[in-house]
Structures are given as structure tokens and as C-alpha cells.
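Presented below is the structure to which this report refers.
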Amino acid sequence: MTGKFTLVPSELFSEETARETLSEVVLLKEGEPLSFLDVPFCQAVLVYAGQRRPAVYDMLMSLCKIRHHNKIMASISDDVLSLVVAQGDRLQFCNCFKAGDFTTALYYIFMVLKKLQINPEISTLYFTSGNVSQEQLTSLFRYFKSAEILQ
Numbered sequence: 005m006t007g008k009f010t011l012v013p014s015e016l017f018s019e020e021t022a023r024e025t026l027s028e029v030v031l032l033k034e035g036e037p038l039s040f041l042d043v044p045f046c047q048a049v050l051v052y053a054g055q056r057r058p059a060v061y062d063m064l065m066s067l068c069k070i071r072h073h074n075k076i077m078a079s080i081s082d083d084v085l086s087l088v089v090a091q092g093d094r095l096q097f098c099n100c101f102k103a104g105d106f107t108t109a110l111y112y113i114f115m116v117l118k119k120l121q122i123n124p125e126i127s128t129l130y131f132t133s134g135n136v137s138q139e140q141l142t143s144l145f146r147y148f149k150s151a152e153i154l155q
């Protein structure tokens with residue numbers, strides 16, 4: 005799971021400046037390979053370091069499966085929380101956090117939702133498959149309208 009990524013609006017993306025653009029937001033190693041993928045949902049290009057695409061790419065591509073206005077998607081893997089939030093067809097947030105446990109991941113989720121003024125009590129939180137236990141999922145019903153694993 006790489007945390008070295010950024011989204012660039014499609015009309016501003018250039019392969020020639022991709023390294024410079026990414027190095028403005030993350031520390032790149034000398035000669036570290038770059039990759040990029042188109043993200044049509046938000047008319048952007050995901051620029052990332054390494055060969056392995058970040059979890060946020062699949063999450064961004066899955067946003068169109070969510071029919072609710074508030075689209076909150078999370079993935080927890082290798083002590084990293086990846087979080088993507090959209091309202092309607094507008095992407096509001098896409099980032100990752102170091103989260104060694106489920107409680108820390110929830111802290112970051114609530115922090116982002118508060119900043120975006122999204123009420124969790126009327127929202128569904130979606131997790132990508134296989135990264136949260138049924139017990140953890142059930143515990144979220146205290147805070148969210150619903151919590152589901154997106155297949």
C-alpha cells in the first residue's frame with residue numbers, strides 16, 4: 005500500500021511534470037518509479053510512486069456504485085487507513101493515514117467528516133471487502149446510519 009500519491013485534474017496533468025507535481029506533496033526517493041491512472045469519476049489522474057497502485061484508486065473507481073449522496077469509503081490495510089469521501093458527484097476528500105488500530109482509523113474518519121460537515125448519523129460508511137471484521141462493522145451502527153462492506 006503506497007501513501008505516495010496525488011490527484012491532478014485531467015486538464016492540468018502532464019507526464020512531463022508528473023514527478024515534480026508528486027514531489028510537491030510527498031518525499032520521493034531518487035529514481036523512484038512513477039505511475040499514473042485516469043480517474044474519470046472526478047476528472048483527474050492519480051499520480052503515484054511505485055508499480056503497485058494505491059488502494060484509493062479502486063475506491064475512487066467504486067464510488068459510482070454508491071447511490072447515496074454522501075459517499076464515504078474506507079480501507080484499512082497494513083496499518084494504513086485509506087479514505088475517500090464524495091458528496092453527489094463531487095469528490096471532497098482522498099487521502100491516507102497511518103492507523104495502527106481500528107480506533108485510530110475511526111478517529112481519522114470522524115475528523116474528516118467533521119471538517120466536511122457530514123453527519124455520520126445519516127450516512128453509510130462503506131469498507132472495501134475483507135479489511136474489517138463483522139464485530140467492528142456492527143460497532144459502527146452506534147455512529148452511522150449504516151456500515152457495509154462494498155463487494
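The numbering of the sequence shown is the working numbering, which starts it at 5 and goes up by one.
For every residue, glycine included, the Cβ atom is placed at its ideal position computed from N, Cα and C.
Return the CA-CA distance between residue i and residue j, expressed in angstroms with no decimal places.
| i | j | result |
| --- | --- | --- |
| Cys68 | Leu87 | 15 Å |
| Leu95 | Gly35 | 31 Å |
| Thr132 | Ile153 | 6 Å |
| Arg23 | Val43 | 18 Å |
| Glu20 | Val29 | 17 Å |
| Ser150 | Lys102 | 24 Å |
| Leu31 | Gly7 | 11 Å |
| Tyr147 | Tyr111 | 12 Å |
| Thr108 | Val84 | 10 Å |
| Cys100 | Ile80 | 9 Å |
So residue i and residue j are in contact, right, with Cβ under 8 Å, and what is the actual spacing, rounded?
| i | j | result |
| --- | --- | --- |
| Ala59 | Leu26 | Between Leu26 and Ala59 the Cβ distance is about 17 Å, and since that is not below 8 Å, they are no contact. |
| Val51 | Phe9 | 7 Å |
| Ile113 | Ala78 | 6 Å |
Would you mind reading off the limits of the beta strand (DSSP E) that contains residue i?
| i | result |
| --- | --- |
| Leu132 | Note on identity: in this sequence residue 132 is Thr, with Leu being the wrong assignment. Start and end: 128-132. |
| Ser39 | 38-43 |
| Thr10 | 9-13 |
| Leu50 | 48-53 |
Taking the alpha helix (DSSP H) that residue i falls in, what are its first and last residues?
| i | result |
| --- | --- |
| Leu32 | Careful: Leu32 lies outside any alpha helix (DSSP H) and carries neither H nor E. |
| Glu152 | Where Glu152 is concerned, there is no enclosing alpha helix (DSSP H), although the beta strand (DSSP E) it sits in stretches over 150-154. |
| Ser18 | No alpha helix (DSSP H) holds Ser18; DSSP gives it neither H nor E. |
| Leu141 | 138-143 |
Checklist entry - Which full runs of the alpha helix (DSSP H) of 4+ residues lie inside the segment 58-117, going along the chain? => result Fully enclosed alpha helix (DSSP H) runs of 4 or longer: 59-66.
Checklist entry - Quick one: any contact between the segment 7-18 and the segment 36-51, if contact means 3 or more CB pairs under 8 Å? => result A contact is defined here as three or more CB-CB pairs under 8 Å, and the segment 7-18 meets this definition with respect to the segment 36-51.
Next on the checklist: With three or more beta-carbon pairs closer than 8 Å as the criterion, would you say the segment 60-78 touches the segment 122-136?
Outcome noted: Taking a cut-off of 8 Å for Cβ pairs, the segment 60-78 and the segment 122-136 touch, as three or more such pairs fall below it.
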